[in-house]
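Chemist: Okay, so the sequence shown: first residue is 2 according to the working numbering, each after it adds one.
The following block contains the structure, expressed as structure tokens.
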Amino acid sequence: MDRLIEKIAELQNPTVAGLDPKLAFVPEFIKAECFNKYGKTLEGAAAALLEFNKRLIDALCDIVPAVKPQAAYYEMYGWQGVKALCETIAYAREKGMYVITDGKRNDIGTTMEAYATAHLGTTDIDGEEVDAFGADALTVNGYLGSDGIKPLLDICQKKDKSIFVLVKTSNPSSGELQDRKIGDKSVYETMGEMCEGWGEGSRGRFGYSAVGAVVGATYPEMLRELREKLPHTFFLVPGYGAQGGGAEDAKYAFDKNGLGAVVNSSRGIMCAWKKEDGATERDFAEAARREALRMRDDLRSVIGAMGA
Numbered sequence: 002m003d004r005l006i007e008k009i010a011e012l013q014n015p016t017v018a019g020l021d022p023k024l025a026f027v028p029e030f031i032k033a034e035c036f037n038k039y040g041k042t043l044e045g046a047a048a049a050l051l052e053f054n055k056r057l058i059d060a061l062c063d064i065v066p067a068v069k070p071q072a073a074y075y076e077m078y079g080w081q082g083v084k085a086l087c088e089t090i091a092y093a094r095e096k097g098m099y100v101i102t103d104g105k106r107n108d109i110g111t112t113m114e115a116y117a118t119a120h121l122g123t124t125d126i127d128g129e130e131v132d133a134f135g136a137d138a139l140t141v142n143g144y145l146g147s148d149g150i151k152p153l154l155d156i157c158q159k160k161d162k163s164i165f166v167l168v169k170t171s172n173p174s175s176g177e178l179q180d181r182k183i184g185d186k187s188v189y190e191t192m193g194e195m196c197e198g199w200g201e202g203s204r205g206r207f208g209y210s211a212v213g214a215v216v217g218a219t220y221p222e223m224l225r226e227l228r229e230k231l232p233h234t235f236f237l238v239p240g241y242g243a244q245g246g247g248a249e250d251a252k253y254a255f256d257k258n259g260l261g262a263v264v265n266s267s268r269g270i271m272c273a274w275k276k277e278d279g280a281t282e283r284d285f286a287e288a289a290r291r292e293a294l295r296m297r298d299d300l301r302s303v304i305g306a307m308g309a
């Protein structure tokens with residue numbers, strides 16, 4: 002997690018741009034170029050997603066520390082889309098960005114070891130170690146308990162990687178389960194305490210472990226509560242922008258040094274050109290950059306400077 006924190010402090014920007022590209026979000030001129038080459042096929046769709054992502058990454062890489070591709074948006078385009086995901090991760094890392102694969106993987110034992118190897122580790126091919134996807138972090142679902150998390154911890158330690166465990170998610174129905182009580186504690190608080198325990202042996206120089214938590218900006222009071230109770234757990238904060246959360250909500254995720262969290266915006270950045278007066282589809286990357294700068298300044302206005 003130190004590498005992400007260092008990048009946030011360097012750029013003075015605690016944001017992550019979600020790369021969740023449906024074809025409907027991709028400008029027509031990019032789709033036309035790709036469909037002309039590959040036809041209206043999975044290959045054509047995947048090529049359009051990758052070109053869209055690359056142009057966004059080029060526009061954002063010097064101002065935004067991280068990107069978060071959501072695996073489902075690539076899997077829906079078959080193996081060709083998954084290849085575009087892999088190439089997106091590689092391109093973002095080449096540009097110096099920290100990459101969080103949003104896969105919300107959840108399983109146990111050797112199956113979870115396989116997920117961990119795929120997304121964070123290296124795959125053994127007859128004695129040769131090869132990155133399958135090569136992201137820096139992976140979102141995971143901890144509701145199978147420690148059996149679903151422990152297989153990840155060893156790879157995080159060996160490969161300098163991180164995970165973000167679902168704790169208090171931003172969706173409206175999250176409280177149906179996560180707000181229920183186990184004794185006198187909520188399910189989300191219990192999960193948060195488990196994250197603190199799982200990360201105990203991997204705390205870095207900023208005090209945060211390799212086990213982060215997903216905590217939504219749409220529930221600011223719970224965000225404040227968890228920040229106080231989980232001092233060593235770094236937060237990935239969805240819910241800003243399109244889901245209704247703002248800087249005043251997200252500010253509770255941060256510690257006294259302006260650290261402790263990275264705030265996600267996906268559609269707000271990717272589709273900024275659609276809401277910007279006078280912008281055309283060919284302005285999409287520049288509009289995304291302007292929105293990312295606006296978001297950075299919005300967050301800075303409530304949390305101040307970022308650094309130990």
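In this text, a Cβ means the ideal position worked out from N, Cα and C, and glycines have one as well.
Helix, strand or coil, according to DSSP, for residue 250 in the structure here?
Modeler: Looking at residue 250 - three-state DSSP - the assignment turns out to be helix.
Chemist: When the Cα of residue 93 is compared with those of 64, 148 and 179, which residue comes out closest?
Modeler: Minimum Cα distance to residue 93 is reached at 64.
Chemist: Please report the residue range of the alpha helix (DSSP H) in which residue 213 lies.
Modeler: Note, residue 213: premise wrong, no alpha helix (DSSP H); beta strand (DSSP E) at 212-216.
Chemist: Going by DSSP, what residue range makes up the beta strand (DSSP E) through residue 106?
Modeler: Looking at the DSSP string, the run of the beta strand (DSSP E) that includes residue 106 is 99-106.
Chemist: In the DSSP assignment, the beta strand (DSSP E) including residue 236 goes from what residue to what residue?
Modeler: It spans 236-238 - the beta strand (DSSP E) in which residue 236 sits, taken as one unbroken run.
Chemist: Inspect the CB distances between the segment 69-88 and the segment 98-114 and report whether three or more fall short of 8 Å.
Modeler: These segments touch.
Chemist: Determine the direct distance from the alpha carbon of residue 273 to that of residue 302, and round the result to whole angstroms.
Modeler: Between residue 302 and residue 273, the C-alpha separation is close to 21 Å.
Chemist: Smallest Cα separation from residue 305: which of 87, 257 and 81?
Modeler: Closest option to residue 305, Cα to Cα, is 257.
Chemist: I'd like the list of long-range same chain contacts for residue 117, defined as Cβ closer than 6 Å, with 5 residues on each side in sequence excluded.
Modeler: Excluding positions up to five away in sequence, the list reads 152, 153 and 156.
Chemist: Please report how far the alpha carbon of residue 297 lies from the alpha carbon of residue 289, in whole angstroms.
Modeler: Between residue 297 and residue 289, the C-alpha separation is close to 12 Å.
Chemist: Whole angstroms are fine: how far does the CA of residue 46 sit from the CA of residue 166?
Modeler: Spanning the two alpha carbons is a distance of roughly 31 Å.
Chemist: I'd like the ranges of any beta strand (DSSP E) spanning at least 3 consecutive residues and lying wholly in the segment 9-87.
Modeler: Listed in chain order, they are 16-20 and 67-70.
Chemist: Write down every uninterrupted run of the beta strand (DSSP E) in the segment 130-177 whose length is 3 residues or greater and which is fully enclosed by it, in chain order.
Modeler: Runs found: 138-141 and 163-169.
Chemist: Taking the alpha-carbon positions, what's the residue 205 to residue 174 distance?
Modeler: So the alpha carbons of these two residues sit roughly 34 Å apart.
Chemist: Can you tell me where the beta strand (DSSP E) with residue 123 in it begins and where it stops?
Modeler: Residues 123-126.
Chemist: Tell me which same chain residues have a C-beta within less than 6 Å of the C-beta of residue 141, skipping the five on either side of it?
Modeler: Cβ within range, chain order: 106, 164 and 166.
Chemist: Go ahead and pull the three-state DSSP assignment for residue 92.
Modeler: The answer is helix: DSSP assigns residue 92 an H, G or I state.
Chemist: Looking at residue 227: is its Cβ nearer than 8 Å to the Cβ of residue 169?
Modeler: Yes; because the gap between Cβ atoms is below 8 Å, this pair is in contact.
Chemist: Residue 7 to residue 41, Cα distance in whole Å?
Modeler: Roughly 42 Å between the two C-alpha positions.
Chemist: Would you call the segment 210-220 and the segment 228-238 in contact, with 3 or more CB pairs under 8 Å?
Modeler: Yes, they touch.
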